[in-house]
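Quick notes on the structure that follows.
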Amino acid sequence: MKYTQYFLYTRQRPDRAYIKDEWIDFTIKNPVQTQIQSDGRIRKWAKIEEEGKYLRVILLEDGETIHNAFFDRDFKEV
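Residue 57 in the UniProt record's numbering is what sits at position 57 of the sequence shown, and the numbering runs on without skipping anything.
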């Protein structure tokens, strides 16, 4: 997986450090929803069963480079 410097920096935060690479990979490959932001970045969400929460992964326009990943408290699956 490729990462932005921003992702590597924010991943050091205690609330992000426990997010597993396999959860990020699962979200990228099995999203329940995908959106394209106005800046071209790609948002993907998937439910992480172990946590009972939805993980949001934001990719750069290339669809490969991970820019951000966090549990989205406001996401509701439709």
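Virtual Cβ for every residue (Gly too), placed ideally from N, Cα, C.
Query                                                                                                : Result
Contiguous beta strand (DSSP E) assignments of at least 3 residues, all confined to the stretch 2–45 : 33–36
Beta-carbon proximity check, residue 46 vs residue 32, cutoff 8 Å                                    : yes
Buried/exposed call for residue 78, threshold 16 Cβ in 10 Å                                          : exposed
Buried/exposed call for residue 58, threshold 16 Cβ in 10 Å                                          : buried
Which of helix, strand or coil DSSP assigns to residue 78                                            : coil
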